[in-house]
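In our numbering, the protein residues as written are 3 to 525.
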Ligand code: KIV
Ligand code: ZN
């Protein structure tokens, strides 16, 4: 194995804001993207793929602003294999201290068929587009999409062309999550050993998780010589998602004995980032998710607890504090003061100005009047509920629901829409249906409900319910969330949250326009 691919530093390339955000329903607002980028930058991620600038005006603005604000990370944008995409991408990333253009094209037989190019025509296009990107930016990454299903001969040929045209990082995507660890390592090794110029560039791995092997495949690729892992927080991403950043970072830390590589990521910031991404994307983290799941450090069975009390290493291979999880879940209640609330929120990663704290404290007291013990999860839900409220176009003023054994159930609702109070009474098949019907009658819309999901935030009958609602309107998807000790109130707020987000998204894009997805092939 040669130069770049022999040192033991693994570059972390985060694509939460591009591959992750483009997954249906995971849309983030402009401010949320800036916040996540800032946290990634502070955590020590080497490269942030901030978006796909040609996709929409909103994406362009977010990538440009992230580029302007970045302190440490290289800011990268995605571009398809055409000059227009590449120029737009450069416009967006050029103001960063360190910028990168990432251009790609699907090289497998199935992907070559889409733009209807033969092998030679595609090879020429790769040469021209990488050269064009390189003339704009001295840091160019090139990806043969669906590399793991591309003929090896052709893959070697196009990788060589991209290197000669000036790409300094060659990313090998397993776009459909098809490869397996042995194959993943072998593919990178084969390219490094056979492609002229391979020792001059960094090889990257980009794995999707369709068969649940994304993390294993990424780590195997490192064994094969890759020195950049592309990943997302919480493994966010289309279908089954991407390699989870927290998993590769912690696997490399904990098993440094057999994988002698290191990253620059400050792992103690992982938990906070995971929570923020779960909240802003509306994709909750599964309870038993490795590293950041609610149960990842919970030891409930008697034998486990006994062992843990004697020596925590009995059942723990890493400590909660290694990923920034505070050891004690200090419970707040109605007698807790502002200082305790501030300390707890800081622990959870929220830095609040005094006036913000004042507002949160009022909502905290309201919750504490209804719920005896306030856990971390309650506070996170409370913070989330207040986040969008300021700019909301539709606000819930009041809701009274009648339900019982003999239907139909009814909902008496008052909304404030663009400052105007409007009320109605609607019936439905159950209290939630009646509530949603009331919203529809006050705010007629064509958006369709795709998902309605309720989770109890903590245990007990006074637990808050977190409700997630996903809506679709003309190809635009929006996820709303809310929490309340009253499930129907939480449902109404989550529904309105999804509608408010659709409204923001539509105004950002211009009426009824759909964003371009990177898979909308345009060469
Ligand atoms: O999965 C994939 O192939 C991608 C490319 C754009 C790198 O996301
Ligand atoms: Zn991908």
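For every residue, glycine included, the Cβ atom is placed at its ideal position computed from N, Cα and C. For clarity, every value in this text was computed on a predicted model and none was experimentally measured.
Cα-Cα separation, residue i to residue j
i: residue 284; j: residue 96; result: 31 Å
i: residue 376; j: residue 485; result: 13 Å
i: residue 214; j: residue 74; result: 32 Å
i: residue 327; j: residue 199; result: 44 Å
i: residue 41; j: residue 212; result: 28 Å
i: residue 487; j: residue 271; result: 30 Å
i: residue 513; j: residue 33; result: Because the pLDDT at residue 513 is just 49, under 50, the model does not fix this residue reliably, and the value given afterwards should be weighed accordingly. If you take the alpha carbons of residue 513 and residue 33, they lie about 21 Å apart.
i: residue 175; j: residue 205; result: 11 Å
i: residue 150; j: residue 180; result: 7 Å
i: residue 296; j: residue 38; result: 21 Å
i: residue 148; j: residue 110; result: 6 Å
i: residue 52; j: residue 108; result: 21 Å
i: residue 526; j: residue 152; result: There is simply no residue 526 to check, as the chain begins at 3 and stops at 525 in what is shown.
i: residue 30; j: residue 282; result: 6 Å
i: residue 93; j: residue 348; result: 36 Å
i: residue 10; j: residue 494; result: 52 Å
i: residue 170; j: residue 128; result: 14 Å
i: residue 226; j: residue 61; result: 34 Å
i: residue 72; j: residue 15; result: 14 Å
i: residue 460; j: residue 288; result: 14 Å
i: residue 418; j: residue 499; result: 13 Å
i: residue 507; j: residue 518; result: 14 Å
i: residue 86; j: residue 489; result: 48 Å
Where the alpha helix (DSSP H) through residue i begins and ends
i: residue 424; result: Here residue 424 belongs to no alpha helix (DSSP H); instead the beta strand (DSSP E) covers 422-430.
i: residue 402; result: Not the alpha helix (DSSP H): residue 402 falls in the beta strand (DSSP E), residues 396-404.
i: residue 175; result: First-last for residue 175: 171-176, but that is the beta strand (DSSP E), not the alpha helix (DSSP H).
i: residue 283; result: 272-283
i: residue 137; result: 121-138
i: residue 474; result: Where residue 474 is concerned, there is no enclosing alpha helix (DSSP H), although the beta strand (DSSP E) it sits in stretches over 467-475.
i: residue 338; result: Careful: residue 338 lies outside any alpha helix (DSSP H) and carries neither H nor E.
i: residue 363; result: 356-372
i: residue 43; result: 32-45
i: residue 62; result: 59-71
i: residue 292; result: Careful: residue 292 lies outside any alpha helix (DSSP H) and carries neither H nor E.
i: residue 252; result: 247-256
Residue i: CB within 8 Å of a non-hydrogen atom of the ligand ATP
i: residue 183; result: This structure does not include the ligand ATP; its bound ligands are the ligand KIV and the ligand ZN.
N- and C-terminal bounds of the beta strand (DSSP E) containing residue i
i: residue 91; result: Not the beta strand (DSSP E): residue 91 falls in the alpha helix (DSSP H), residues 85-95.
i: residue 452; result: 450-458
i: residue 443; result: No beta strand (DSSP E) holds residue 443; the alpha helix (DSSP H) holding it covers 433-444.
i: residue 104; result: 101-108
i: residue 147; result: 142-147
i: residue 80; result: 76-82
i: residue 112; result: From DSSP, residue 112 is part of no beta strand (DSSP E) but of the alpha helix (DSSP H) over 111-114.
i: residue 522; result: Premise fails: residue 522 is in no beta strand (DSSP E) and is neither H nor E.
i: residue 51; result: 49-53
i: residue 10; result: Unbroken run through residue 10: none, as it is neither H nor E.
i: residue 21; result: Careful: residue 21 lies outside any beta strand (DSSP E) and carries neither H nor E.
i: residue 230; result: 230-233
i: residue 315; result: Note, residue 315: premise wrong, no beta strand (DSSP E); not H, not E.
i: residue 480; result: 478-486
Per-residue burial, residue i [other beta carbons within 10 Å of its own, 16 or more giving buried]
i: residue 406; result: exposed
i: residue 230; result: buried
i: residue 104; result: buried
i: residue 280; result: buried
i: residue 4; result: Low per-residue confidence applies at residue 4: pLDDT is 48, beneath 50, and the placement is therefore not dependable, though the value from the model is reported in the following sentence. Residue 4 is exposed by the Cβ-count criterion.
i: residue 236; result: buried
i: residue 123; result: exposed
i: residue 203; result: buried
i: residue 420; result: exposed
i: residue 448; result: exposed
i: residue 196; result: exposed
i: residue 573; result: The question about residue 573 has no answer here: the residues shown for the chain are numbered 3 through 525.
i: residue 526; result: The chain is shown only over 3 to 525; residue 526 falls outside these bounds and no answer can be derived.
i: residue 249; result: buried
i: residue 113; result: buried
i: residue 476; result: exposed
Beta carbon proximity, residue i to chain B, threshold 9 Å
i: residue 244; result: Checking the listed chains, one finds no chain B in this structure; it contains a single protein chain.
ask   = With a cut-off of 8 Å, do at least 3 Cβ pairs link the region 230-241 to the region 22-38?
value = yes
message = Taking contact to mean 3 or more Cβ pairs, one atom from each stretch, closer than 8 Å, check whether the region 451-458 and the region 421-429 are in contact.
response = The region 451-458 vs the region 421-429: no contact.
task = May I ask you to verify whether the region 45-57 touches the region 491-511, counting CB pairs closer than 8 Å and requiring at least 3?
result = no
task = Run through the region 156-223 for me and flag every whole beta strand (DSSP E) of 3 or more residues, listed as ranges in chain order.
result = 171-176, 204-209
message = I'd like to know if the region 435-446 and the region 349-368 are in contact, where contact means that at least 3 CB-CB pairs between them fall below 8 Å.
response = no
key: Cβ contact check for the region 360-376 and the region 393-405: 3 or more pairs under 8 Å   = In short, these stretches do not touch, since the Cβ pair count stays below three.
query = Three or more beta-carbon pairs under 8 Å between the region 466-483 and the region 260-270, yes or no?
reply = no
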